[in-house]
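Protein chains in written order, with our numbering: chain A, 92 to 255; chain B, 77 to 281.
C-beta: ideal position from N, C-alpha, C; glycine also.
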């Protein structure tokens, strides 16, 4: 009998802890970046690099073009080595969403998965080799009723320059 | 037989408990965050010495005898923007009864930009420039808006993390206005808090 009651108690505790782990405001917002595959670029040419990010469930972050000046946009900063330059950064359009805290004002946000595309260029005199591109993604996250201070996550991937 | 009956009763009890917890959490998700009271309720509000937008210094202890609504906010926080006109109205309505609204701006922005934002919002209450110290003292305030309701003796009566309705805010204001100023009681509470560990956001839940 003791064994049966113990099993039931364990099941109750397990499900109870699942519920309690989801108290609103208890979770910290997260944005993660998926690893970037092999990137190769020829000297005097350019290549496109897709960076995939994921916003933690229950959160959203402002898009690159939020709807008001007072909102902090999502911004990617890349610091390439001398052998590469960033020719362009393409951000996805934000999803227009209304929230409980602003039912009459739609905000432009990213939630779930989104991709930023960077166009990297290698000059004609770029030396062949593998180079790290480092940077950071700055964002400001909110949930359904409150917001968190802006944060940054590191961004890094490797680019191989090959001769023409 | 007796054993089966006991297992049945425990099982039914567990299912009812889980359903009740699920309903409660679902309601909390739909209507906003849970109020974080717990450890901070009844605690002496930590004193602070912060700069105002016009360069003056303000201490919480300057307002002993008043009921203080201490609101942590930021210019980049849309839910904070929703509350601000309510605080303006409530300051007008209850100011004569002893309510003092203090807005603590947790921006990294330059003070003139905060002042411009506050002016656009028609803010009629004092805006103070937040620091890491005050954030730490009040339990590492990261979730904005967060509001502390401090009674006339400097005791935290309630804490609300996230956006709440105007009605809920007004109810909390009535609670702190209902307190009577008792300097002796405040001294006792302050002494007690010195020995207590600083409250944290998690503790408060």
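* Asked: According to a CB-to-CB cut-off of less than 8 Å, which residues of the stretch 176 to 193 of chain A neighbour chain B?
  -> Under the 8 Å Cβ criterion, the stretch 176 to 193 of chain A contributes 190, 191, 192 and 193.
* Below 7 Å between beta carbons: does that hold for residue 177 of chain B and residue 201 of chain B? -> Result yes, Cβ atoms of residue 177 of chain B and residue 201 of chain B sit closer than 7 Å.
* Kindly say whether residue 209 of chain B, judged by its beta-carbon, lies nearer than 7 Å to any beta-carbon of chain A. => For residue 209 of chain B, the answer is no, since every Cβ of chain A falls outside 7 Å of its Cβ.
* To do: Determine, using beta carbons only, whether residue 239 of chain A comes closer than 7 Å to chain B.
  => The beta carbon of residue 239 of chain A falls within 7 Å of a beta carbon belonging to chain B, placing the residue at that interface.
* Asked: If you count every other CB in all the chains shown that lies within 10 Å of the CB of residue 132 of chain B, and 16 or more means buried, which is it?
  -> Of the residues assessed, residue 132 of chain B falls on the exposed side of the cut-off, its CB having fewer than 16 other CB atoms within 10 angstroms.
* By how many angstroms is the C-alpha of residue 182 of chain A removed from the C-alpha of residue 164 of chain A? -> Straight-line Cα distance between these residues: approximately 11 Å.
* Asked: Does DSSP put residue 152 of chain A in a helix, a strand or coil?
  -> In the structure shown, residue 152 of chain A sits in a strand (DSSP, three-state: E or B).
* What separation, rounded to the nearest whole angstrom, lies between the Cα atoms of residue 110 of chain B and residue 190 of chain A? -> Note on residue 110 of chain B: pLDDT 37, under 50, position unreliable in the model; the coordinate value appears next. Cα to Cα, residue 110 of chain B sits roughly 18 Å from residue 190 of chain A.
* Asked: What's the C-alpha gap between residue 305 of chain B and residue 216 of chain A?
  -> No answer is possible for residue 305 of chain B: the residues shown for chain B start at 77 and end at 281.
* To do: Return the chain-ordered list of same chain residues with a C-beta closer than 7 Å to the C-beta of residue 170 of chain B, the five sequence neighbours on each side being excluded.
  => Spatial neighbours of residue 170 of chain B in its own chain (CB-CB distance under 7 Å, excluding positions within 5 residues in sequence) are listed in chain order as 249 and 253.
* To do: Report the rounded CA-to-CA distance for residue 139 of chain A versus residue 211 of chain A, giving the unit in angstroms.
  => Rounded to the nearest angstrom, the gap between the Cα atoms of residue 139 of chain A and residue 211 of chain A is 6 Å.
* Within 7 Å of chain A by C-beta, residues of the stretch 237 to 252 of chain B in sequence order -> Listed in sequence order: 237, 238 and 239.
* Are the C-beta atoms of residue 244 of chain A and some chain B residue less than 7 Å apart? -> Judged by the 7 Å Cβ criterion, residue 244 of chain A is not in contact with chain B.
* Asked: Hey, is the stretch 225 to 232 of chain B in contact with the stretch 133 to 150 of chain B, meaning 3+ C-beta pairs nearer than 8 Å?
  -> Verdict: yes, contact present.
* For residue 68 of chain B, count neighbouring C-beta atoms within 10 Å of its own C-beta (all shown protein chains included) and say buried if the count is 16 or more, exposed if not. => A query on residue 68 of chain B cannot be resolved here, the shown segment of chain B reaching from 77 to 281 and no further.
* Asked: When the distance is taken between beta carbons, is residue 237 of chain A closer than 7 Å to residue 166 of chain B?
  -> Not a contact, by the Cβ cut-off of 7 Å.
* For residue 118 of chain A, which three-state DSSP category applies? -> DSSP places residue 118 of chain A in coil when its eight states are reduced to three.
* **beta strand (DSSP E) segments (min. 3 residues) lying fully within the stretch 129 to 173 of chain A** => Every unbroken stretch of the beta strand (DSSP E) spanning 3 or more residues and falling wholly within the stretch 129 to 173 of chain A is given here in chain order: 130 to 133, 137 to 146, 151 to 153 and 166 to 170.
* For residue 184 of chain B, does the count of other Cβ atoms within 10 angstroms reach 16, so buried, or fall short, so exposed? -> Its Cβ having fewer than 16 others within 10 Å, residue 184 of chain B is exposed.
* Is residue 186 of chain B helix, strand or coil by DSSP? -> When DSSP states are grouped into helix, strand and coil, residue 186 of chain B belongs to the coil group.
* **residue 241 of chain B to residue 175 of chain A span [Cα, whole Å]** => Here the alpha carbons of residue 175 of chain A and residue 241 of chain B stand approximately 52 Å from one another.
* To do: Quick one: using the 10 Å Cβ neighbour count with 16 as the cut-off for buried, is residue 153 of chain A buried or exposed?
  => Buried: at least 16 other Cβ atoms inside 10 Å.
* Range covered by the beta strand (DSSP E) that runs through residue 164 of chain B -> Not the beta strand (DSSP E): residue 164 of chain B falls in the alpha helix (DSSP H), residues 154 to 170.
* To do: Report the rounded CA-to-CA distance for residue 156 of chain A versus residue 125 of chain B, giving the unit in angstroms.
  => Distance between the alpha carbons of residue 156 of chain A and residue 125 of chain B is about 37 Å.
* To do: For chain B, find out if any of its Cβ atoms is closer than 7 Å to the Cβ of residue 236 of chain A; answer yes or no.
  => Residue 236 of chain A counts as touching chain B.
* Given that residue 163 of chain A touches chain B, what residues does it touch there, using C-beta distances under 8 Å? -> Per Cβ cutoff of 8 Å: 152.
* By Cβ distance, which residues of its chain are closer than 8 Å to residue 106 of chain B, with the 5 residues on each side in sequence left out? -> Residue confidence is low: residue 106 of chain B scores 40 on pLDDT, short of 50, so the model does not pin down where it sits. Its coordinate-derived value is still stated next. Hits under 8 Å: none found.
* residue 204 of chain A to residue 133 of chain A span [Cα, whole Å] -> So the two alpha carbons sit approximately 30 Å from each other.
* One or two residues paired with residue 242 of chain A in a DSSP bridge -> Its beta-bridge partners are A/230.
* Cα-Cα separation, residue 224 of chain A to residue 150 of chain A -> C-alpha separation (whole angstroms): 28 Å.
* Asked: Is the number of C-beta pairs between the stretch 243 to 255 of chain A and the stretch 192 to 199 of chain A that are closer than 8 Å three or more?
  -> As far as the Cβ criterion goes, the stretch 243 to 255 of chain A does not touch the stretch 192 to 199 of chain A, which means the pair count is below three.
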